[in-house]
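Some notes on the structure that comes next.
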Amino acid sequence: MASTAVPSGLSRNPLHLYRHLLRALRSYPSVRRAKMLHMMKLEFRDKRNLEGAERDEAIRQGLMELHRLAVWKNSERTRGQIEVSL
166 MASTAVPSGL SRNPLHLYRH LLRALRSYPS VRRAKMLHMM KLEFRDKRNL EGAERDEAIR
226 QGLMELHRLA VWKNSERTRG QIEVSL
């Protein structure tokens, strides 16, 4: 199973987080990908001047979204490979 650990530096550098989110969106279903990409860009533009606790919260939300995308990607990779142990 692939790791969903947060790469080093993402919690301190919003640009790194932005790039990782862009990469993660590449594997998202095409029907929703364009809308999610547009919304993500708007969010980053709107929040680019945040400081302090507001900035930390915005980064935390971005990290949570990155984790959700990673979990989705991993679940797609294992689709149809269900194991049942009794």
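In the working numbering, each number is its position in the sequence shown, counted from 1, plus 165.
Even glycine gets a Cβ: it sits at the ideal position worked out from N, Cα and C.
Check this for me: beta carbons of residue i and residue j, under 8 Å apart or not?
i	j	result
K206	A223	no
G227	L180	no
K238	S192	yes
A235	A189	yes
L215	L182	no
Mapping the DSSP letters down to three states, classify residue i as helix, strand or coil.
i	result
E208	helix
R177	coil
Y193	coil
R213	coil
R225	helix
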